[in-house]
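Numbered according to our numbering, the sequence shown spans residues 71 to 248. Glycine residues also receive a C-beta, built at the ideal position from the N, C-alpha and C atoms. Here the structure comes first, spelled out in C-alpha cells, and everything after it is commentary.
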Amino acid sequence: MTLAAAFVAVSMSAQVYVGGSLGFTSFDDSNKSHSAFKFMPEVGYNLDENMSLGVALGYKQGSTSLAWELKNPNEDLKTFSIMPYLRYKFVNFGPVTVFADGALEYEHIDDNGAKANAFGLAVLPGVAVNLTEKLSFVSHVGRLGYSQAKADADGAKAISTFGLDLDNSLSFGLYYNF
Numbered sequence: 071m072t073l074a075a076a077f078v079a080v081s082m083s084a085q086v087y088v089g090g091s092l093g094f095t096s097f098d099d100s101n102k103s104h105s106a107f108k109f110m111p112e113v114g115y116n117l118d119e120n121m122s123l124g125v126a127l128g129y130k131q132g133s134t135s136l137a138w139e140l141k142n143p144n145e146d147l148k149t150f151s152i153m154p155y156l157r158y159k160f161v162n163f164g165p166v167t168v169f170a171d172g173a174l175e176y177e178h179i180d181d182n183g184a185k186a187n188a189f190g191l192a193v194l195p196g197v198a199v200n201l202t203e204k205l206s207f208v209s210h211v212g213r214l215g216y217s218q219a220k221a222d223a224d225g226a227k228a229i230s231t232f233g234l235d236l237d238n239s240l241s242f243g244l245y246y247n248f
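Encoded structure:
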C-alpha cells in the first residue's frame, strides 16, 4: 500500500506546475500615455507532453485600453481576474517550447465604487524556456481575442472588442514544475 501511494504521489507531482507572471501594459490615447501592471499567480496540470490545463488568478492596477473605452482612464483602476486555459505546446526546440493558451477570461473592474464586468475568449501565444528540470521561464506575447465589457450602472451599454494585439501586451513569469 505504501509503495502504491508513493508511486501515485511521484507520478502526480511530475505533472503539476505553479508559478505566475508579472506584466506591464501601456497605451497612448493621443493625449497622454497610460500604463498598468498585473500580477497573475497560476497553477496547472500537464495532461500529456503537448496539452496542459491551468488557471490564473490576477490583480491589475492602472489604466487600460478597456478603461479608456469605458470612458474612465483612471490610473488607480483595480481589476481582479480569473482565467482558466487550455495550453497546446506545438513546437519544441530543445529547452524552448512555443505554445498557445486558449483562455476564457473574466474581469471585475473597480474604480472607487464604479464597477464593470468583462468576459472574453482569447488565444495567447507564448514561449517557455526550461532553465532547469524544475524551473521554466515563460513569456506571453500578445493576444488574439474577443471581449465584452459592461459597467454596472443603469442604462450602461456593453462594449465589444475583437482584435489582435502584439505590440503592447507582454508578460514574463516563472514556473516551478513538481
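Under 6 Å Cβ to Cβ from residue i, same chain only, skipping five residues before and after it: list those, please.
{"i": "residue 198", "result": "167, 206 and 208"}
{"i": "residue 159", "result": "120, 167 and 169"}
{"i": "residue 130", "result": "106, 108 and 149"}
Kindly indicate the opening and closing residues of the beta strand (DSSP E) around residue i.
{"i": "residue 103", "result": "103-116"}
{"i": "residue 97", "result": "86-98"}
{"i": "residue 154", "result": "148-163"}
{"i": "residue 185", "result": "184-200"}
{"i": "residue 130", "result": "121-132"}
{"i": "residue 219", "result": "205-221"}
{"i": "residue 173", "result": "166-181"}
Between the alpha carbons of residue i and residue j, how many angstroms are there, rounded?
{"i": "residue 92", "j": "residue 213", "result": "16 Å"}
{"i": "residue 104", "j": "residue 124", "result": "30 Å"}
{"i": "residue 115", "j": "residue 100", "result": "43 Å"}
{"i": "residue 232", "j": "residue 176", "result": "15 Å"}
{"i": "residue 182", "j": "residue 189", "result": "21 Å"}
{"i": "residue 94", "j": "residue 191", "result": "20 Å"}
{"i": "residue 180", "j": "residue 147", "result": "6 Å"}
Could you work out which residue in the options is closest to residue i when comparing CA atoms only?
{"i": "residue 236", "options": "222, 220, 211 and 185", "result": "211"}
{"i": "residue 96", "options": "132, 117, 87 and 113", "result": "132"}
{"i": "residue 126", "options": "229, 194 and 222", "result": "194"}
{"i": "residue 153", "options": "111, 185, 118 and 246", "result": "111"}
{"i": "residue 243", "options": "228, 196, 215 and 230", "result": "196"}
Contact criterion: CB-CB distance below 9 Å. Does residue i meet it with respect to chain C?
{"i": "residue 218", "result": "Absent from the structure is chain C; it holds one protein chain and no more."}
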